[in-house]
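Colleague: Its first residue numbered 764, the sequence shown is counted upward by one per residue in the working numbering. Quick reminder that beta carbons are idealized off the backbone N, C-alpha and C, glycines included. These numbers come from a predicted model, not from an experiment. Have a look at the structure that comes next, please.
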Amino acid sequence: MNFSGLTEELWRGFFAKDLNGTKEKIIEWVAPECVIIGTGSHEFYTGLDCFLHSFADEMADRNDVEFHFERISCNQMQVDTNTYLVYGKFYVSGESSDKTVLINMDSRFTFIFHRIEEKWKIVHIHQSVPNQEQGDGEYYPKTLMKQVQELQSVNEEMTELAQKDGLTGLDNFRAFCNNWEQRSEYGWFFVLDLDYFKEVNDTYGHLAGNEVLISMGKVFFSTVRENDLLCRMGGDEFLIFCSEMKDKTDATDFAQRLISNIKSAGKSKPCWTTVSIGAAKVTPCMSIESALEKADKALYSVKKTMRGGFLAT
């Protein structure tokens, strides 16, 4: 008997636009106790009735999708006098009229035909659609896992780049503002401005100026505490927020420590400068704009009267 031809006929009927006679053909050839397994986790049917119920749901779900049976290959093999195995593969494409549903099904299958009381019946069907992300020679989709890991790595890298200053590696102003929203309710806000930085660039060149900015950033980073916020705002300005710093004395001590560390770091450098610092006390619900405005006023006074110094408001 040509079981391969019958199998192809059943597949073509299953994906036909006109399904008249398809259900009857299935009932004629599929045994009541047939086990049918598909690709989806829900596609596990231990009986014809169970499959027909799902088949009705699938027909309703197809809507106006039109399938195109591109190709099919079937091979049959006799297992014993009462059993034949049919195996093969087919490719079906399809789309809905509004182009919102696209089908690209490169499938494999096996049918087992068994003679029951002198009648041939299908007792088992297994159809699967290979994972398109599974590379050649892979026994599970390593390629997909690798792609996901690569995308996660790129996403993490892009997130990091979006939050970092490209020159110093410190947080940028955007990241500082985001972290400001999660800060403690009180502390001290510092604005740091490099003195005579234009002269550094004019005298030694912009590459030397960049090295000064990088080195300054390292000094600031090594001086702040783990929970403090630090960023390069832009140009030669940096911002620091010291959370839970209680009073002006603590703020002054911190600023003097910064100034001292900057001075020490510059002893071995041919190109260096000083830093002016303005500070403002941060109160609950204070916006970053208000804190920056207050600290900027203090910084302006320092720049005007004693560069390399510190003033708190």
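1) Based on DSSP bridge pairs, tell me the residues matched to Leu955.
2) Determine the closest residue to Pro893 out of Ile885, Pro795, Arg871, with distance taken between C-alpha atoms.
3) Could you give the distance in angstroms between the alpha-carbon of Leu939 and the alpha-carbon of Val954?
4) Measuring straight from C-alpha to C-alpha, what distance separates Asp934 and Val1065?
5) Are the stretch 783-792 and the stretch 824-839 touching by the rule of at least three beta carbon pairs closer than 8 Å?
6) Does the beta-carbon distance from Val828 to Val855 come in below 7 Å?
7) Are Gly1029 and Leu1062 touching if we call contact CB-CB under 7 Å?
8) Helix, strand or coil for Tyr847 per DSSP?
9) Thinking Lys884 and Val793 are a contact (beta carbons under 8 Å), I'd like their distance in whole angstroms, please.
10) To the nearest angstrom, how far is the alpha carbon of Asp928 from that of Thr1068?
11) Pick out whichever of Lys780, Met868, Leu914, Phe814 has its Cα sitting closest to the Cα of Val886.
12) Just to confirm before moving on: does the CB-CB distance between Thr986 and Leu1021 stay below 7 Å?
13) What are the complete alpha helix (DSSP H) segments, minimum 4 residues, inside the stretch 803-848?
14) Which residue marks the beginning of the beta strand (DSSP E) containing Leu769, and which one marks its end?
15) May I ask you to report which of helix, strand or coil DSSP gives Asp928?
16) Under the DSSP definition of a beta bridge, which residues are partnered with Trp883?
17) Classify Ile879 as buried or exposed, calling it buried when 16 or more other Cβ atoms lie within 10 Å of its own Cβ.
18) Quick one: what's got a C-beta closer than 7 Å to Ile766's C-beta in the same chain, skipping five residues either side?
19) Less than 7 Å separating the beta-carbons of Cys1034 and Gly950?
20) What are the residues that DSSP puts in a beta bridge with Ser1006?
21) Return the CA-CA distance between Thr844 and Pro795, expressed in angstroms with no decimal places.
22) Starting from Glu796, trace the beta strand (DSSP E) both ways and give me its first and last residue.
23) Report yes or no: do three or more beta-carbon pairs, one from the stretch 914-923 and one from the stretch 797-808, lie closer than 8 Å?
24) Can you tell which of Thr809, Phe807, Phe853 has the C-alpha that lies nearest to the C-alpha of Leu773?
25) Note down the Cα distance separating Thr1036 from Val911, rounded to an integer number of angstroms.
26) Taking the alpha-carbon positions, what's the Glu823 to Asn783 distance?
27) Could you compute how far the alpha carbon of Phe984 sits from the alpha carbon of Lys909?
28) For the alpha helix (DSSP H) that Leu976 lies in, which residues bound it at each end?
29) Tell me the rounded alpha-carbon separation between Tyr902 and Glu791.
30) Name the one or two DSSP bridge partners that Thr873 has.
31) Please report the straight-line C-alpha distance between Arg1070 and Phe960, rounded to a whole angstrom.
32) Please state whether DSSP places Asp1013 in a helix, a strand or coil.
33) How about Ala1043 and Phe952: are their beta carbons less than 7 Å apart?
Modeller: Taking the geometry as given:
1) As a working mapping, residue 955 is identified with position 192 in the sequence shown. Leu955 pairs with Phe1001, Ile1040.
2) Position 130 of the sequence shown, counted from the start, is the residue given in the question as residue 893. Residue Arg871 is the option with its Cα nearest to Pro893.
3) On the sequence shown, position 176 is the one that residue 939 refers to. On the sequence shown, position 191 is the one that residue 954 refers to. Correcting the residue identity first, residue 939 is Phe in this sequence and not Leu. Cα-Cα distance, rounded: 13 Å.
4) Translated into positions along the sequence shown, residue 934 becomes position 171. Translated into positions along the sequence shown, residue 1065 becomes position 302. Answer to the nearest angstrom: the Cα atoms are 25 Å apart.
5) no
6) Residue numbering aside, residue 828 sits at position 65 when the sequence shown is read from its first letter. Residue numbering aside, residue 855 sits at position 92 when the sequence shown is read from its first letter. No.
7) Indexing the sequence shown from 1 puts residue 1029 at position 266. Indexing the sequence shown from 1 puts residue 1062 at position 299. It is not a contact, given that the beta carbons lie outside the stated cut-off.
8) As a position in the sequence shown, residue 847 is number 84, starting the count at 1. Strand.
9) Residue 884 sits at position 121 when you count from the first residue of the sequence shown. Residue 793 sits at position 30 when you count from the first residue of the sequence shown. Their Cβ separation, rounded to whole angstroms, is 7 Å, which keeps Lys884 and Val793 in contact under 8 Å.
10) Position 165 of the sequence shown holds residue 928. Position 305 of the sequence shown holds residue 1068. In a straight line, the C-alpha of Asp928 is about 30 Å away from that of Thr1068.
11) As a first step, residue 886 must be located in the sequence shown, where it is residue number 123. Of Lys780, Met868, Leu914, Phe814, the residue nearest in Cα terms is Phe814.
12) Here residue 986 refers to the residue found at position 223 when the sequence shown is read from its first residue. Here residue 1021 refers to the residue found at position 258 when the sequence shown is read from its first residue. In this structure, Leu1021 lies closer than 7 Å to Thr986 by Cβ.
13) 811-825
14) Here residue 769 refers to the residue found at position 6 when the sequence shown is read from its first residue. It is not in any beta strand (DSSP E) - Leu769 instead sits in the alpha helix (DSSP H) that spans 766-777.
15) Residue mapping note: residue 928 aligns to position 165 of the sequence shown, counting from 1. In the structure shown, Asp928 sits in coil (DSSP, three-state: anything other than H, G, I, E or B).
16) The sequence position of residue 883 within the sequence shown is 120, counting from 1. In DSSP, Trp883 forms a bridge with Arg878.
17) Along the sequence shown, one-based indexing puts residue 879 at 116. Exposed, since its Cβ has fewer than 16 Cβ neighbours within 10 Å.
18) Within the sequence shown, the letter at position 3 stands for residue 766. Sequence check: residue 766 is Phe here, not Ile. The residues are Gln839, Tyr847, Val849, Phe876.
19) Residue numbering aside, residue 1034 sits at position 271 when the sequence shown is read from its first letter. Residue numbering aside, residue 950 sits at position 187 when the sequence shown is read from its first letter. No, the pair does not count as a contact, with Cβ atoms beyond the cut-off.
20) For the purposes of this step, residue 1006 is taken as the residue at position 243 of the sequence shown. BP columns for Ser1006 point to Gly950.
21) As a working note, residue 844 is residue 81 in the sequence shown. As a working note, residue 795 is residue 32 in the sequence shown. Roughly 21 Å separates the two Cα atoms.
22) Locating residue 796 in the sequence shown gives position 33, where the first residue counts as 1. That run of the beta strand (DSSP E) goes 793-800.
23) no
24) Within the sequence shown, numbered from 1, the residue matching residue 773 stands at position 10. Ranking Thr809, Phe807, Phe853 by Cα distance to Leu773 puts Phe853 first.
25) As a position in the sequence shown, residue 1036 is number 273, starting the count at 1. As a position in the sequence shown, residue 911 is number 148, starting the count at 1. Those two C-alpha atoms are separated by around 47 Å.
26) Locating residue 823 in the sequence shown gives position 60, where the first residue counts as 1. Locating residue 783 in the sequence shown gives position 20, where the first residue counts as 1. Residue identity differs from the one stated: residue 823 is Ala in this sequence, not Glu. Rounded to whole angstroms, Ala823 to Asn783 spans 15 Å at the Cα level.
27) Looking up residue 984 in the sequence shown gives position 221. Looking up residue 909 in the sequence shown gives position 146. C-alpha separation (whole angstroms): 36 Å.
28) The count along the sequence shown starts at 1 and reaches residue 976 at position 213. Here the alpha helix (DSSP H) through Leu976 covers 969-986.
29) The residue you call residue 902 lines up with position 139 of the sequence shown. The residue you call residue 791 lines up with position 28 of the sequence shown. Because Tyr902 carries a pLDDT of 49, less than 50, the predicted location of this residue cannot be relied on, and the following value inherits that uncertainty. Going from the Cα of Tyr902 to the Cα of Glu791 covers about 37 Å.
30) Residue mapping note: residue 873 aligns to position 110 of the sequence shown, counting from 1. In the DSSP output, where bridge partners are listed per residue, Thr873 has Tyr850, His889.
31) If you number the sequence shown from 1, residue 1070 lands on position 307. If you number the sequence shown from 1, residue 960 lands on position 197. Looking at the two C-alpha atoms, the distance is approximately 12 Å.
32) In the sequence shown, counting from the first residue as 1, residue 1013 sits at position 250. Three-state DSSP puts Asp1013 in a helix.
33) Taking the sequence shown and counting its residues from 1, one reaches residue 1043 at position 280. Taking the sequence shown and counting its residues from 1, one reaches residue 952 at position 189. Closer than 7 Å, so yes.
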